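Numbering (the working numbering), first residue to last: 1 to 347. Glycine residues also receive a C-beta, built at the ideal position from the N, C-alpha and C atoms. Since the structure is predicted, the reported quantities are computational estimates derived from the model, not experimental observations.
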Ligand SMILES: Nc1ncnc2c1ncn2[C@@H]1O[C@H](COP(=O)(O)OP(=O)(O)O)[C@@H](O)[C@H]1O
Ligand SMILES: [Mg+2]
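Structural data, given as structure tokens:
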């Protein structure tokens, strides 16, 4: 039996999505081979042993926050995890951990560093790959250096003096302003007029000391799922068709009709091959491991611009990542098993 820790919840805006993803991952691990040990992280960042019954039975239509579990969980560097039970800290034996966490303090290398120190193997990117996937500015620098196209952009530190006229002269209008380290479209503004730039920067700087100003790209939003291997494999691509002005937080999570997920995307066989090859390249350039979803803008004149990589993409049964693998011939339970098996140390 393989003991799999499922880390979920967490401090990011995607807490509820993570709970939902974890519920699906738990259900996908057959009890014949796996002992699933769900570990919930509250919004305040505390770790608790979660009740598997709570996780599996909670209404799948609702997205409850994880408030408190059965017993506190801690980390012992070099000795894995521990749990406080019967008035004492006891080892919590695990063979592997699946962090089903999104955004800062989950997908950005912090948890990955903690698990590395604990001596626990885990699913997905390591410290560097996770951190690179979170920082849109460093990500873009590395992609550009590798010859991959990205939207033209500028980066400004919190409090820097910015001349809107100069930015507009360089990048044009409209613009997208976003925190460098965030996710779920939190803190992102589409700017249509020069006088909206400074307020948009102030918004982005609330979430991160670094903000990106990007040229708004006219094009389709195409996503490709990567599953590691030698070499890493790319799924059939899918398309996001936002029904709002862009794929905003509301379009992602608040409005059920906020975006259409079209999978597979309508592309020619050549275009599919292009985006698959490019996505594997992005995965490699950004030190990917295990899994990732690579998001693109596909322009009317046939150019592919990388928008971003997500090192722990949404993992609910209806999320794009598993959906794309299902369409590519790997059903959800097999996908979960493969990711877990891949993360185990080779005997
Ligand atoms: N440069 C851009 N041009 C056009 N649309 C953009 C641009 N940047 C972001 N968007 C829109 O905003 C959404 C969220 O931006 P993204 O950079 O993917 O942030 P997040 O990490 O929060 O998902 C994208 O899915 C897209 O709809
Ligand atoms: Mg995105």
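- Under the criterion of beta carbons closer than 8 Å, residue 38 and residue 53 do not qualify as touching, at roughly 10 Å.
- The C-alpha of residue 119 lies about 50 Å from the C-alpha of residue 194.
- Nearest to residue 206 by alpha-carbon distance, out of 159, 293, 190, is 159.
- Taken atom to atom, the span from the alpha-carbon of residue 170 to that of residue 345 is near 49 Å.
- With contact defined as three or more Cβ pairs closer than 8 Å, the segment 318–336 and the segment 241–255 are not in contact.
- Three or more beta-carbon pairs drawn from the segment 178–198 and the segment 7–20 are found closer than 8 Å, and the two stretches are therefore classed as touching.
- Where residue 189 is concerned, the enclosing beta strand (DSSP E) starts and stops at 189–191.
- With 16 or more other Cβ atoms inside 10 Å of its own Cβ, residue 6 counts as buried.
- Annotation for residue 238: the continuous beta strand (DSSP E) segment containing it runs 238–242.
- Between residue 121 and residue 83, the CB-CB gap reaches or exceeds 9 Å.
- When the beta-carbon positions are compared, residue 204 and residue 189 come within less than 9 Å of each other.
- In this structure the segment 267–280 does not touch the segment 65–77; the number of beta carbon pairs closer than 8 Å is below three.
- Assignment of alpha helix (DSSP H) within the segment 248–310, counting only whole runs of 4 or more residues, yields 269–285 in chain order.
- Counted as a single uninterrupted DSSP element, the alpha helix (DSSP H) harbouring residue 323 occupies residues 320–327.
- DSSP links residue 47 through a beta bridge to 41.
- Ranked by how close their Cα comes to the Cα of residue 268, the residues 298, 282, 283 have 298 in first place.
- One residue after another in chain order, those with a Cβ under 7 Å from a heavy atom of ligand 1 are 136, 151, 176, 178, 182, 183, 184, 185, 186, 188, 214, 215, 216, 217, 221, 240, 242, 246, 247, 248, 295, 297, 307, 308.
- For the options 100, 279, 24, the alpha carbon positioned closest to that of residue 56 is the one of 24.
- Short of 7 Å from the beta carbon of residue 289, and not among the five residues preceding or following it, lie these beta carbons of its own chain, in chain order: 124, 125, 126, 129, 228.
- Residue 310 has its CB nearer than 8 Å to a heavy atom of ligand 2.
- Inter-segment contact for the segment 308–324 and the segment 97–112 is present: three or more beta-carbon pairs are separated by less than 8 Å.
- By the neighbour-count criterion, in which 16 or more other beta carbons inside 10 Å mark a residue as buried, residue 218 falls on the exposed side.
- Closest option to residue 74, judged by alpha-carbon separation, among 65, 88, 64: 88.
- Residue 179 holds the alpha-carbon nearest to the alpha-carbon of residue 153 among 234, 134, 179, 261.
- Short of 6 Å from the beta carbon of residue 280, and not among the five residues preceding or following it, lie these beta carbons of its own chain, in chain order: 232, 234.
- Apart from the 5 residues on each side of it in sequence, residue 197 sits with its Cβ closer than 8 Å to the Cβ of 162, 164, 167, 168, 175, 177, 191, 213 in its chain, given in chain order.
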